[in-house]
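A.B. asks: Provided herewith is a single structure, encoded as structure tokens, for subsequent inquiry.
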């Protein structure tokens, strides 16, 4: 047993005495001047960006192939507690604002981490988590509302009248159901984004407790908060394009 | 970036984040106002170009300021930006294709 430990220690010793390669890349430092973990988080997010791009480009392609598409101002017009009031894009603007503020809270947590301020990191991480939970709550309300109006993955009650204006099928006799893939695309893409929000919240909660336990303080740096933050900002970034594709255009 | 910051650096970093927040909020509000106020007046092509440009601007703020990419090495920015640039081709190709199916299936 003692011999095994010896060999191991010798091996570690040897590694320390390896000469740095003189290749103009700064020796043992990486060419990107970035840690392995952060680099890999960025490349994971790049691959995730391609997944979302594939979804959104498919959405654009399918939508352009239709002779008619529901007007977002007529579909997303409800606000919790206001009943039948016509508030186009009102609720989704609130959701967007919540997600931006949640993202900002996590940026502040990263900055407090640079100053090794444990209390500050914990405080701002709570802000980020609360914002994420509020966003998911809003999305749950919106899904529930649209399902009550009859929207399904393969049934779309938002159809055109004779003038091409958007109406609910069961509210006007002359209206026929709209393009069926509207529901599948809406639930699929906002659902995939919502799932990212959910995993982001879980990771943020973990990071909060790891901070509270002093894990990063003992480690001497808060880089983990930066990596967690990158994922969280990516969720905000994707929402910009989901918002563009479904609500604005 | 896990070094120690001076108070000066910290203050300017916090300030940069809050101004990015205000810009993001303003751009979003302008988008919604444009969609509601002139959405049915302006031609679709102008309206959608504006929305796309505003969204790309927001994306640059989030990636540059919040995700701190603006302050990383240029070489690293390129390893992310160059693969993403190919998406421009994918968007144009599939938009043209979708529009073609539309003409094919629903002749005016």
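Residue numbers (the working numbering), protein chains in the order written: chain L, -5 to 243; chain R, 17 to 124.
All C-beta atoms in this analysis are idealised placements derived from N, C-alpha and C, irrespective of residue type, glycine included.
Output yes if chain C places a C-beta closer than 8 Å to the C-beta of residue 191 of chain L; else output no.
C.D. replies: In summary, chain C is missing from the structure at hand, where the protein chains are L and R.
A.B. asks: Go ahead and label residue 105 of chain R buried or exposed: buried means 16 or more other beta carbons lie within 10 angstroms of its beta carbon, across all protein chains shown.
C.D. replies: exposed
A.B. asks: With distances taken from CA atoms, which of L/57, L/74, L/96 is nearest residue 110 of chain R?
C.D. replies: Measuring from the Cα of residue 110 of chain R, the nearest candidate turns out to be L/57.
A.B. asks: Between which two residues does the alpha helix (DSSP H) holding residue 152 of chain L run?
C.D. replies: Premise fails: residue 152 of chain L lies in the beta strand (DSSP E), 152 to 154, not in any alpha helix (DSSP H).
A.B. asks: Residues of the segment 187 to 214 of chain L in Cβ contact with chain R at a cutoff of 7 Å, in chain order, please.
C.D. replies: none
A.B. asks: Going by CA-CA distance only, name the one from L/88, L/232, L/59 that's closest to residue 175 of chain L.
C.D. replies: L/59
A.B. asks: From the beta carbon of residue 108 of chain L, is the nearest beta carbon of chain R less than 8 Å away?
C.D. replies: yes
A.B. asks: Please decide whether residue 174 of chain L counts as near chain R, where near means a Cβ-Cβ distance under 8 Å.
C.D. replies: no
A.B. asks: Closer than 8 Å, Cβ to any Cβ of chain R: which residues of the segment 50 to 63 of chain L, in chain order?
C.D. replies: For the segment 50 to 63 of chain L, which is checked against every Cβ of chain R, the residues closer than 8 Å are 51, 52, 54, 55, 56, 57, 58, 59, 60, 61.
A.B. asks: Any beta carbon from chain R within less than 8 Å of residue 21 of chain L's own beta carbon?
C.D. replies: Legend: pLDDT at residue 21 of chain L = 49, less than 50; position of this residue unreliable, no value from coordinates given.
A.B. asks: Closer than 8 Å, Cβ to Cβ, to anything on chain L: give me those residues from the segment 64 to 76 of chain R, in chain order.
C.D. replies: Listed by position along the chain: 64, 67, 68, 71, 74, 75.
A.B. asks: To which residues of the same chain is residue 94 of chain L closer than 8 Å at the C-beta, ignoring the five residues directly before and after it?
C.D. replies: 230
A.B. asks: Helix, strand or coil for residue 138 of chain L? Go by DSSP, reduced to three states.
C.D. replies: helix
A.B. asks: Is it buried or exposed for residue 87 of chain R, if we count other Cβ within 10 angstroms and need 16 for buried?
C.D. replies: exposed
A.B. asks: For chain R, is any of its Cβ atoms less than 8 Å away from the one on residue 94 of chain L?
C.D. replies: yes
A.B. asks: Can you check which of these residues, L/148, L/211, L/77, is closest to residue 286 of chain L by C-alpha distance?
C.D. replies: Outside the shown range of chain L (-5 to 243) lies residue 286 of chain L, about which nothing can therefore be said.
A.B. asks: Starting from the beta carbon of residue 105 of chain L, find every residue of chain R whose beta carbon is closer than 9 Å, and list them in chain order.
C.D. replies: 21, 26, 29, 30, 33
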